[in-house]
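**Q** Mapping the sequence shown onto our numbering, position 366 (from 1) lands on 478, and the numbers just tick up by one. C-beta: ideal position from N, C-alpha, C; glycine also. As the structure is a computational prediction, the values presented were derived from the model and not from experiment. Okay, here's the structure, questions in a sec.
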Amino acid sequence: METPPNVYIMQTNQDAHHALHPVSWVRTSTANTSNHRTGMSIRAKLMSAQVGALFEEYCTESSVHGVRFFVGNQRSTCVKLTWLGVFILSLVGCGVMIQQAYNKWDRTPVIVTLSEVPTPVWDMTFPAVTICPEIKVLNTRYNFTHEFETLQSQWYGRKGNKNDTITVSEESIGKMKAIIHHCSGIYKNVNNFIFNFNHVPEPKLVDFLRNVSLDRRSVFTMCSSTSDARCTNYMQVTLTNEGICYSFNMISQEQMFHAEVLHHEYNYLDRWDDDTSDGIAGRPDEQLLKVAGSGLDAAIGFNLIHYPLKIDTSCVRGRGYKVLIHEPTVYPDLSKRNIRLSVSQTLTVALKPNIMLTAPELSKYGAQKRQCYFPHEHPLRFFRQYNQDNCELECLTNYTLQRCGCVHFSMPRTNETRVCKLEEAHCPADARGVLFIRKQHRNSTEDYLQQCDCLPACSSVRFDLQITQDSHTEEREVRTKIETEEELQAKLLIPVYSVLQVYYQDTHFIPAQRSELHGLVDFLANCGGLLGLFIGVSLLSIVEAIYYIAFRPVSLRKRKPDTGERVQSVRCIHPCECAIVSRTQMETFRKRLRRSVRAEVFQEYCANSSIHGVRYFDRDERTSCERCIQPSVALLLSMSLTCPCLLSVLHSAARFWWLVAFLLSMAGCGIMIYKTYVKWNQVPIIVTFSEKTTPVWEMQFPAITICPETKMSVAKLNFTAEINALTESYGFYDTNRTASDDVIEQVKAVSQLCNMIFHSSNGWLQFMNGTEDNIVGVLRNLSLAPAETLAICMYGNHYSNCDNYLTETITEEGICYTFNMVPESEIFRKESLHTDYNYTKGWMNYFEDRDRIMDVRNGTLYARGAGLHAGLTLYLKHIKEDTDYMCTGFSQGYKLMIHDPDEYPQVSMRNMRLPIGHEISIALKPQMMITSQSAADYSWQKRQCFFNHERQLRFFQVYSQENCELECLTNVTRELCGCVRFSMPRANDTTVCTLMMWDCMYDAKWFVRPDFRQNRVPDKLITDMVDRCNCLPACSSVQYDAEITQTSLDMDSFLRANHDLPRDKADKFMITTLAIYFKESYFITSKRSELYGWVDFLANCGGLLGLFMGVSILSLLELFYYITIRPFSVRKRTRIAEQRKPNEVHNSLLAVVAKAE
């Protein structure tokens, strides 16, 4: 090592000598160039040698597993390259899994779960209840109907005679225009004559509406609460888009709005006793009400009353109240959602709060990751309290002002913003539709609502409602006890009562909670486990590498050169046992070479192993643990210095102690890894709430199937009359006599739709002679005309012809009508289906006209938003003379089924009943279940669901649990009866069951139920067939929770008041209106996802192996190397060493190393 520097000095002196002789400059220059290159090469070699020595030292001393095998004279180049390749592969595998762990931490840091602690209702604020009468005007204060009809007749009469004058004053016309602001949409039609009076000024709108509205003290005769006797102290008069309403338990105007921003013309919230004062008097410390318990005993009750003879009915068609139950901090918007309370009705509402909490530690994440806002993160301009509803209302206000230049009178505004006039009233309504009815072709710049960014509040409460309704007539008994009905009528004081009761369903509720799923600690723990498992790296290993790169070279340069005489240094098998080799030790070394190769390899493995504790299995000196033993044991150790026997015993005891400790650690690690494996193998899937909310406009609007209880038109078949005639003419069992073949065919076809009571009384009909070859064709010919059943259809706030969206569907209930179902060619496998008839029949093929229909994708309509304005409204028409009680019994009306668009309806399995002559509102709350891609890698047995490609059905293209069950029922019916029901999918070789097989078809559906064996003992073939059905849920599915409210509908009176009902049509039909809409704009889906994946399992294994034994994958490969490859290398070198001369030593097999002093 000293030669290169000396040569360099000599070359330097030589260069100086040549510089003194200019005569030989050319020759000297050439020599200098050559010497300079040689010097540079030597310096590079020196630097390379230093780096190599430093690398060898790092590999020898490093705590990273496997790197010590990169160096060493006793290892061949092939072995070193092999270990380098293994190390790189481990490093790559570890990096890939760390990347997956990072993605999990970065993309899904939040999880929504149920809290482990239930919340009692007495710790919760009772919800606010806003009640809006549908009757807007007292005719004793302004007779709207009389004034409007007078003006209408004079206006149209003036067209025929220009000399006629209008006697209605401009003041009255202005009041009329003010009232029309919250009348039905028919009054705001652009063709209404009232718009010819746009020049007539309107009075102060809000003040006038308050003056003509119902007297609140007369409306609320009683407000009762067991929690606080002063119930009216919590009441306020509220200005909403429905006009003047009344709110219970809502915060005051000062707490709701920013007073410095809001205008000063009128208040939005007034106290109950004084409209002109601010705040709420009488409420202690502005506190909100909390109830003491659950059930009717702790209910809040409202007794509502109005006087039919004193109200104006032509403005709106309803006669009851709209009710909204909401958070006390939410300003009510009843256009989005409400429930209906009819007159002479008791409405009982049981509340089930859906509480969403958010852990404080999630505040460090962005709002988009946790999908919610804390109150301080999203300040609103008008509202003090942030919540999603207030944000959307403010967004609607700003958008309306931008679009119309004015706002609706119920919207918050500044002093500079004006209220829209009647001629502009259509613009705020259109703005609401454009903003909340989502169009799928919008981009981010066009979507104003998306720019408002109205995420839910991080702490919020929504209420699921369980509603029961009951009619009552006790007001007649009450009023006649005071005065006679004639006396009350003379005073216009005949009252009509309504009762509303609201209470909590249970005393405790389990809230949902957003919490941290994968935090920084979990990510670092996974990284530590993976790094420890693959390459045995810890944070100190990284610090160690930095030390050898940055600091160690500096310390080596500062060392003084060693001028002493060096002894030849060789690398030993045991690095910790180094001494100077002398000639007298050669014989000992020869003896060691003759020891077994197995023992030699074991000693080398113990000395070099990366597994913690193994090196102590073959140490002769005292361990550090032994140096810390108590003084009594230390005395024995001191005695052992003079007693070799005792020394040997203590060494053996130390080795045994370490062996036991190692085996116990291995056993503990194995047990815990086994438990981790069992958890990964048995419960790899978890069902949780999704960490992100889903907007309703990203999902399909559900399919709506409506089946009239009236199965045929009386003009085509009078079923009751025909059954009675057959009974009287032929008797119950006289089947020999004949009748009209067409009548018998029709009666037997319709009889397949009748209930069990009919069949138990008319069993003789099965034995009547008659053809039943075309049951579906007969039912279609007899069914009600679509235009007579579905009069008007409105979807997304736009009137349109129902023919464009509806299909005629064959179900077990007969001919039904379905809205928004995918075409038959996309539901069924047509190649497996018979060709006798189609199961669906479009009135118009609207699927071919998709360019005209908004939001159509894959043949179905997508939701346009939440609220009534974005939903479906149907007007169902029932002709009274078609009513038939013989077939379906005393329940008349409609059966309604809400289902997926790709699910074929089985209405008899689950349905809702719609009565005739009512206005019915159904608020939908979707319960969506999705399955993540990580869970898709597991078998269906573990995740308990099927993807569409995993479960092929014979007749259906799309797998769903309902389609599977229908196909299963079809197969069981065919096996049991030899035929199938006319509504079931079948092949060409399968026949349709006749009326004779009705009992068999009825029994077949019981065999597919899980508990059928308790009552019936079917054939084993049937049992096996049912077991093979295996109709698990689809991995992506949607169910709908429905909140249904209804109120009586007096459509005849409304149409008469507006001169839209001809006299010859009066009392001929009944109208039922149906509104179906999504309750909320966003909802939380449930998600099947991977609970313990490969990354988690390996990270856990790495953590456990590192904790107990310090083992990594490289440690296992190291053990494999010492068992399989290393013995051959040692054996070969041993034979070579034994053949050498006594004074020769092979460096790679010496057990000691000479140290330089």
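1) From residue 880 to residue 856, what does the alpha carbon distance come to, in whole angstroms?
2) Rounded to whole angstroms, what's the CA-CA distance from residue 738 to residue 1248? Just pull it up for me.
3) If residue 233 sits next to residue 259, beta carbons under 8 Å apart, how far is it from one beta carbon to the other, in whole angstroms?
4) Restricting to Cα atoms, I'd like to know which of 445, 343, 380 and 402 is closest to residue 414.
5) Could you give the distance in angstroms between the alpha-carbon of residue 986 and the alpha-carbon of residue 240?
6) Candidates 772, 351, 924 and 463: which alpha carbon is nearest residue 237's?
7) Here's the rule: buried if 16 or more other CB atoms are within 10 angstroms of the residue's CB, otherwise exposed. What is residue 1235?
8) My output table needs one value for residue 576: the three-state DSSP class, helix, strand or coil.
9) Assuming residue 245 is part of the beta strand (DSSP E), what are its boundary residues?
10) Have a look at residue 296 and residue 1183 and give me their C-alpha separation to the nearest angstrom.
11) How should residue 809 be labelled, buried or exposed, when 16 other C-beta atoms within 10 angstroms of its C-beta is the threshold for buried?
12) At 4 residues or longer, and completely inside the segment 982-1057: list those alpha helix (DSSP H) runs for me, N to C.
13) Need the endpoints of the beta strand (DSSP E) that residue 352 sits in, please.
14) Under 7 Å, do residue 1026 and residue 1001 count as touching if we go by C-beta distance?
15) Just curious, the beta strand (DSSP E) that residue 334 is in, first and last residue?
16) What is the DSSP secondary structure of residue 383, counted as helix, strand or coil?
17) To the nearest angstrom, report how far apart residue 973 and residue 813 are at their CA atoms.
18) Whose C-alpha, out of 835, 890 and 888, is nearest the C-alpha of residue 870?
19) The beta strand (DSSP E) that contains residue 1195, what's its start and end?
20) Would you tell me roughly how many angstroms separate the C-alpha atoms of residue 588 and residue 626, rounded to the nearest one?
21) Does the contact criterion of 3 or more C-beta pairs under 8 Å hold for the segment 366-374 versus the segment 494-507?
22) Got a sec? Which residues, its chain only, sit under 6 Å from residue 931 by beta carbon, not counting five neighbours each side?
23) Relative to the alpha-carbon of residue 179, which residue among 188, 200 and 162 has its alpha-carbon at the smallest distance?
24) Looking at residue 313 and residue 286, is the spacing between their C-beta atoms short of 7 Å?
25) Alpha carbon to alpha carbon, what distance is there between residue 1195 and residue 807?
26) So if DSSP puts residue 819 in a beta bridge, which residue, or which two residues, is it bridged to?
27) By Cβ distance below 6 Å, which residues in the same chain neighbour residue 906 in space, the five residues on each side in sequence not counted?
28) Count the CB pairs spanning the segment 604-618 and the segment 431-439 that are closer than 8 Å, and state whether there are at least three.
29) What would DSSP say about residue 180, mapped onto helix, strand or coil?
30) Spatial neighbours of residue 543 within its chain, please: C-beta separation below 8 Å, excluding the five flanking residues on both sides.
31) Decide if the segment 1107-1114 is in contact with the segment 861-878; the criterion is three or more beta carbon pairs, one per stretch, under 8 Å apart.
32) Between 206, 439, 506 and 473, which has its C-alpha nearest residue 360's C-alpha?
33) Looking only at its own chain, which residues have a Cβ that is under 7 Å from the Cβ of residue 888, when we skip the five neighbours before and after it?
34) Give every residue of the same chain whose Cβ lies closer than 7 Å to the Cβ of residue 422, excluding the five residues on either side of it in the sequence, and list them in chain order.
35) Going by DSSP, name the residue or residues bridged to residue 355.
36) Tell me, to the nearest whole angstrom, how far the beta carbon of residue 407 is from that of residue 615; I am working on the premise that it is less than 8 Å.
**A** Result, derived from the coordinates:
1) Taking the first residue of the sequence shown as 1, we reach residue 880 at position 768. Taking the first residue of the sequence shown as 1, we reach residue 856 at position 744. In a straight line, the C-alpha of residue 880 is about 8 Å away from that of residue 856.
2) Reading the sequence shown from its first residue, position 626 is the one you call residue 738. Reading the sequence shown from its first residue, position 1136 is the one you call residue 1248. Since pLDDT at residue 738 reaches only 42, below the 50 mark, its modelled position is unreliable, and no value is offered.
3) Within the sequence shown, numbered from 1, the residue matching residue 233 stands at position 121. Within the sequence shown, numbered from 1, the residue matching residue 259 stands at position 147. That belief does not hold up - the Cβ atoms of residue 233 and residue 259 are roughly 49 Å apart, past 8 Å.
4) For the purposes of this step, residue 414 is taken as the residue at position 302 of the sequence shown. Comparing Cα-Cα distances from residue 414 to each of 445, 343, 380 and 402, the minimum goes to 343.
5) Residue 986 sits at position 874 when you count from the first residue of the sequence shown. Residue 240 sits at position 128 when you count from the first residue of the sequence shown. Answer to the nearest angstrom: the Cα atoms are 30 Å apart.
6) Locating residue 237 in the sequence shown gives position 125, counting from the first residue. Checked all of 772, 351, 924 and 463; the closest Cα to residue 237 is 463.
7) Indexing the sequence shown from 1 puts residue 1235 at position 1123. Flag for residue 1235 reads exposed.
8) In the sequence shown, residue 576 corresponds to position 464, counting from 1. The answer is strand: DSSP assigns residue 576 an E or B state.
9) Position 133 of the sequence shown, counted from the first residue, corresponds to residue 245. From DSSP, the beta strand (DSSP E) with residue 245 extends over 240-245.
10) By 1-based counting over the sequence shown, the position of residue 296 is 184. By 1-based counting over the sequence shown, the position of residue 1183 is 1071. Going by the C-alpha atoms only, they are around 17 Å apart.
11) The sequence position of residue 809 within the sequence shown is 697, counting from 1. By the 10 Å Cβ count, residue 809 comes out buried.
12) 997-1000, 1045-1048 and 1052-1055
13) Taking the first residue of the sequence shown as position 1, residue 352 is located at position 240. From DSSP, the beta strand (DSSP E) with residue 352 extends over 347-352.
14) Within the sequence shown, numbered from 1, the residue matching residue 1026 stands at position 914. Within the sequence shown, numbered from 1, the residue matching residue 1001 stands at position 889. No. Outside cutoff.
15) Counted from its first residue, the sequence shown places residue 334 at position 222. Taken as a continuous stretch (DSSP letters only), the beta strand (DSSP E) holding residue 334 covers 332-337.
16) As a working mapping, residue 383 is identified with position 271 in the sequence shown. Note: residue 383 maps to strand in three-state DSSP.
17) Mapped onto the sequence shown, residue 973 falls at position 861. Mapped onto the sequence shown, residue 813 falls at position 701. Computed Cα separation, rounded: 6 Å.
18) In the sequence shown, the residue the question calls residue 870 occupies position 758. Out of 835, 890 and 888, 835 has the C-alpha closest to the C-alpha of residue 870.
19) To locate residue 1195, count along the sequence shown from 1; it is residue 1083. 1194-1202 is the extent of the beta strand (DSSP E) around residue 1195.
20) Within the sequence shown, residue 588 is the residue found at index 476, counting from 1. Within the sequence shown, residue 626 is the residue found at index 514, counting from 1. Low per-residue confidence applies at residue 588: pLDDT is 46, beneath 50, and the placement is therefore not dependable enough to give any value.
21) yes
22) Numbered from 1 along the sequence shown, position 819 holds the residue referred to as residue 931. 816, 917 and 918, listed in sequence order.
23) Counted from its first residue, the sequence shown places residue 179 at position 67. With distances taken between Cα atoms, residue 179 lies closest to 200.
24) Along the sequence shown, read from residue 1 onward, the residue named residue 286 stands at position 174. Along the sequence shown, read from residue 1 onward, the residue named residue 313 stands at position 201. Yes, the Cβ-Cβ distance between residue 286 and residue 313 is below 7 Å.
25) Within the sequence shown, the letter at position 695 stands for residue 807. Within the sequence shown, the letter at position 1083 stands for residue 1195. C-alpha separation (whole angstroms): 7 Å.
26) Position 707 of the sequence shown, counted from the first residue, corresponds to residue 819. Answer by DSSP bridge pairing, in chain order: 1007.
27) Here residue 906 refers to the residue found at position 794 when the sequence shown is read from its first residue. Around residue 906: 985.
28) yes
29) Here residue 180 refers to the residue found at position 68 when the sequence shown is read from its first residue. Three-state DSSP puts residue 180 in a helix.
30) Numbered from 1 along the sequence shown, position 431 holds the residue referred to as residue 543. So the list reads 508, 511, 512, 515 and 516, once near-sequence residues are dropped.
31) yes
32) Position 248 of the sequence shown, counted from the first residue, corresponds to residue 360. Measuring from the Cα of residue 360, the nearest candidate turns out to be 439.
33) Residue mapping note: residue 888 aligns to position 776 of the sequence shown, counting from 1. Result list for residue 888: 922, 949 and 1094, in chain order.
34) Here residue 422 is taken as the residue at index 310 of the sequence shown, counted from 1. Same-chain partners within the cutoff: 250, 251, 252 and 604.
35) Taking the first residue of the sequence shown as position 1, residue 355 is located at position 243. 352.
36) The count along the sequence shown starts at 1 and reaches residue 407 at position 295. The count along the sequence shown starts at 1 and reaches residue 615 at position 503. Right, their Cβ atoms sit about 6 Å apart.
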